[in-house]
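In this note's numbering, the protein residues as written are 65 to 516.
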Ligand code: PLZ
């Protein structure tokens with residue numbers, strides 16, 4: 065209830081089921097939706113949201129869910145972090161929009177300064193701001209092509225980079241992202257990813273990279289490559305962490321070949337993996353880096369940051385867009401970054417890993433259906449397989465995820481084969497909430513894995 069004098073009641077950090085899931089008000093909204101919203105847009109949860117704060121999401125029937133999804137790795141500082149809400153309110157009261165290409169403002173400049181400071185490497189950097197991750201990736205390709213005068217872009221199996229025309233071409237998975245939407249952009253070449261769980265045992269990162277280089281050199285020609293684009297830990301593809309040495313080898317190959325090394329840190333960025341950016345875990349310094357999601361706690365904002373000589377190779381006026389670097393989004397980003405620093409959310413992400421890994425290992429041991437546990441920090445996943453094999457079990461993955469939703473825990477799935485259950489809690493989630501969510505996960509597996 066909202067009281068006009070005191071504002072809404074605070075959201076209690078608890079899991080609470082008041083009705084069946086979905087409850088009557090959610091069901092009513094679902095039927096309105098069916099008559100008004102295209103079926104082409106899906107939703108993970110069967111409930112409709114009324115409030116969210118910290119680590120919980122409350123639906124229109126008063127059910128409170130523990131969030132292990134963060135709106136797909138966005139609310140890293142927690143839902144409705146008070147510092148972010150205050151910054152958004154203050155900026156909204158000042159001005160909502162001028163268009164940075166018409167009337168520039170300080171917030172955009174300040175976000176670019178922060179991006180330059182926080183991203184890996186101490187070289188001169190420049191940034192441009194956009195609205196979505198896909199838009200940042202598209203612009204990274206534009207910059208790389210202008211700066212190198214080359215056109216080929218190398219991407220990887222299981223990659224996800226967006227849903228716009230160019231980024232569909234960069235994304236690997238056909239369903240649901242690409243099917244029927246072609247023709248796709250040209251000059252995009254896919255090479256094998258380092259996927260330790262599914263690669264031949266013992267294949268090192270360097271060997272996996274050599275496999276990719278051989279394809280690039282024989283099928284594209286190194287001198288034609290404008291950019292190598294990779295998620296340092298794959299997101300939608302199933303939280304695939306490449307073998308150690310793979311990313312440094314790619315960066316090194318790019319340096320030697322005159323190609324631009326682009327790290328897509330849209331999902332991995334902003335403390336998610338226990339570092340500001342996942343590239344840091346291997347000491348890799350990307351030439352260009354794309355950011356979005358966690359940068360602004362839910363306000364739409366994306367960034368492209370990179371070497372000044374690359375970013376400034378583009379002609380004046382060559383990059384932009386009506387809303388890119390919206391002032392309210394910039395205020396949200398600056399407040400979010402302050403929260404990440406003041407509350408040391410990198411340490412918080414590592415603490416989440418320390419709590420979750422032993423629990424996931426115990427689950428693996430007990431159920432026999434978890435082939436692999438992987439990820440870093442608060443970006444962790446389990447790959448679900450048929451017992452004793454590495455055959456993906458997408459049906460079990462979906463059933464477990466749905467069971468979690470029915471019991472008040474938000475989980476997400478991922479992976480080329482749909483058999484990855486991924487965990488992306490807000491980094492501020494309380495230890496008690498996290499432990500309770502893991503209890504629910506245990507019970508969901510126990511209810512669906514046949515006892516042997
Ligand atoms: N690059 C690495 O993870 C977005 C997509 C969900 P946008 N991932 C969530 C869906 O089904 O649409 C993502 C990403 C990486 C780029 C993107 C694209 O970011 O902000 O969704 O455009």
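Even glycine gets a Cβ: it sits at the ideal position worked out from N, Cα and C.
Separation of residue j from residue i, as counted between CA atoms
{"i": "residue 268", "j": "residue 426", "result": "27 Å"}
{"i": "residue 422", "j": "residue 504", "result": "15 Å"}
{"i": "residue 91", "j": "residue 470", "result": "14 Å"}
{"i": "residue 482", "j": "residue 458", "result": "5 Å"}
{"i": "residue 512", "j": "residue 444", "result": "21 Å"}
{"i": "residue 279", "j": "residue 435", "result": "29 Å"}
{"i": "residue 171", "j": "residue 192", "result": "12 Å"}
{"i": "residue 319", "j": "residue 313", "result": "10 Å"}
{"i": "residue 75", "j": "residue 379", "result": "49 Å"}
{"i": "residue 401", "j": "residue 186", "result": "19 Å"}
{"i": "residue 452", "j": "residue 322", "result": "45 Å"}
{"i": "residue 145", "j": "residue 494", "result": "14 Å"}
{"i": "residue 240", "j": "residue 302", "result": "15 Å"}
{"i": "residue 150", "j": "residue 399", "result": "9 Å"}
{"i": "residue 73", "j": "residue 355", "result": "34 Å"}
{"i": "residue 270", "j": "residue 253", "result": "20 Å"}
{"i": "residue 407", "j": "residue 105", "result": "36 Å"}
{"i": "residue 409", "j": "residue 142", "result": "11 Å"}
{"i": "residue 359", "j": "residue 196", "result": "11 Å"}
{"i": "residue 454", "j": "residue 277", "result": "27 Å"}
{"i": "residue 255", "j": "residue 272", "result": "10 Å"}
{"i": "residue 430", "j": "residue 264", "result": "26 Å"}
{"i": "residue 208", "j": "residue 390", "result": "25 Å"}
{"i": "residue 437", "j": "residue 211", "result": "39 Å"}
{"i": "residue 433", "j": "residue 485", "result": "12 Å"}
{"i": "residue 414", "j": "residue 169", "result": "36 Å"}
{"i": "residue 101", "j": "residue 94", "result": "10 Å"}
{"i": "residue 176", "j": "residue 206", "result": "19 Å"}
{"i": "residue 260", "j": "residue 98", "result": "42 Å"}
CB contact below 8 Å: residue i versus chain D
{"i": "residue 468", "result": "Reference to chain D is not applicable here, since this structure consists of a single protein chain."}
CB contact flag (residue i, residue j, <8 Å)
{"i": "residue 461", "j": "residue 448", "result": "yes"}
{"i": "residue 224", "j": "residue 300", "result": "yes"}
{"i": "residue 214", "j": "residue 157", "result": "no"}
{"i": "residue 305", "j": "residue 294", "result": "no"}
{"i": "residue 393", "j": "residue 368", "result": "no"}
{"i": "residue 167", "j": "residue 490", "result": "no"}
{"i": "residue 412", "j": "residue 361", "result": "no"}
{"i": "residue 189", "j": "residue 370", "result": "yes"}
{"i": "residue 307", "j": "residue 258", "result": "yes"}
{"i": "residue 329", "j": "residue 315", "result": "no"}
{"i": "residue 108", "j": "residue 403", "result": "no"}
{"i": "residue 120", "j": "residue 78", "result": "yes"}
{"i": "residue 508", "j": "residue 467", "result": "yes"}
{"i": "residue 420", "j": "residue 152", "result": "no"}
{"i": "residue 140", "j": "residue 80", "result": "no"}
{"i": "residue 89", "j": "residue 124", "result": "yes"}
{"i": "residue 325", "j": "residue 292", "result": "yes"}
{"i": "residue 388", "j": "residue 194", "result": "yes"}
{"i": "residue 137", "j": "residue 488", "result": "yes"}
{"i": "residue 281", "j": "residue 311", "result": "no"}
Helix, strand or coil at residue i according to DSSP, with G and I counted as helix
{"i": "residue 310", "result": "helix"}
{"i": "residue 118", "result": "strand"}
{"i": "residue 343", "result": "helix"}
{"i": "residue 169", "result": "coil"}
{"i": "residue 472", "result": "coil"}
{"i": "residue 568", "result": "Outside the displayed span of the chain (65 to 516) sits residue 568, for which this structure offers no information."}
{"i": "residue 496", "result": "helix"}
{"i": "residue 214", "result": "coil"}
{"i": "residue 297", "result": "coil"}
{"i": "residue 323", "result": "coil"}
{"i": "residue 282", "result": "helix"}
{"i": "residue 191", "result": "strand"}
{"i": "residue 486", "result": "strand"}
{"i": "residue 267", "result": "coil"}
{"i": "residue 180", "result": "helix"}
{"i": "residue 273", "result": "helix"}
{"i": "residue 351", "result": "coil"}
task = Pair every Cβ in the region 116 to 133 with every Cβ in the region 346 to 355, then say whether three or more of these pairs are closer than 8 Å.
result = Not touching, per the Cβ criterion.
Under 8 Å: do the region 230 to 237 and the region 195 to 209 share three or more Cβ pairs, one atom per stretch?
Cβ pair count under 8 Å is three or more, so yes.
Measuring CB atoms only, is the region 474 to 482 touching the region 368 to 376, in the sense that at least three cross pairs come out at less than 8 Å?
Here the region 474 to 482 makes no contact with the region 368 to 376; the two share fewer than three CB pairs at distances below 8 Å.
Contact the region 160 to 173 vs the region 383 to 390: 3+ CB pairs below 8 Å | They touch, by the three-pair rule.
| said: Restricting to runs no shorter than 4 residues, where is the alpha helix (DSSP H) found entirely within the region 398 to 469? | reply: The alpha helix (DSSP H) runs lying completely inside the region 398 to 469 and spanning 4 residues or more are 409 to 431, given in chain order.
Exercise for review: Enumerate, from N- to C-terminal direction, the unbroken beta strand (DSSP E) stretches of 3 or more residues contained entirely within the region 93 to 159.
Suggested key: The qualifying runs are 113 to 117, 120 to 123, 128 to 131.
Say whether the region 234 to 249 touches the region 209 to 221, bearing in mind that this needs 3 or more beta-carbon pairs closer than 8 Å, one atom from each stretch.
-> Because the criterion of three Cβ pairs below 8 Å is met, the region 234 to 249 and the region 209 to 221 touch.
(message) So, does the region 434 to 444 touch the region 328 to 345, judging by three or more C-beta pairs under 8 Å?
(response) Taking 8 Å as the limit for Cβ pairs, the verdict is that the region 328 to 345 does touch the region 434 to 444.
Three Cβ pairs or more, each shorter than 8 Å: is that satisfied between the region 108 to 125 and the region 177 to 193? Per the Cβ contact rule, the region 108 to 125 is not in contact with the region 177 to 193 (fewer than 3 Cβ pairs under 8 Å).
Residue ranges of each alpha helix (DSSP H) within the region 224 to 261, 4 or longer:
Counting only runs of 4 or more, we get 229 to 234.
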